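Quick notes on the structure that follows.
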Amino acid sequence: YSRGEGHSMFLQKSILIFQFDENELADHKEASETGINPYTIYAAVDKDKLSEKGRNFPGTWFEFTPHGAGYTALGAFVSTKNFGSEFEDAR
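Offset between the sequence shown (1-based) and my numbering: plus 1247.
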């Protein structure tokens, strides 16, 4: 049933968010450890750190894998299980 275009759009977004939340990146470990599935590596770019000349600055690329998330250029990674947690003095 639908109450109009806005209502059905809300339902679609809710379903997408629910499906995304169920599938955590840490869950990809088991799927890739057998070698049957490829090892997933996701990357995000901070567009504010890209220069007009095409040079990258530390902290430009952020990488997500089933085992860790962080900045390759800075060598700063945390376990995927701890991603999103708050740290103080490296603890």
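Beta carbons are placed, not taken as given, at the ideal position from N, Cα and C, and that holds for glycine. This one's a predicted model, so the numbers in the text were calculated from it and none came from an experiment.
Residues near A1290 in its chain [Cβ-Cβ closer than 8 Å; skip 5 each side]:
W1308, F1309, E1310, F1311
What does F1311 pair with, by DSSP beta-bridge criteria?
Y1289, A1316
Would you list the one or two residues that DSSP bridges to A1323?
Y1318
Taking 6 Å as the limit between beta carbons, can you name the residues of its chain near F1334, skipping five residues before and five after?
none
Cα-Cα, which of I1288, N1284, I1283 is closest to T1327?
I1288
Residue range of the unbroken alpha helix (DSSP H) whose run includes S1279
1275-1280
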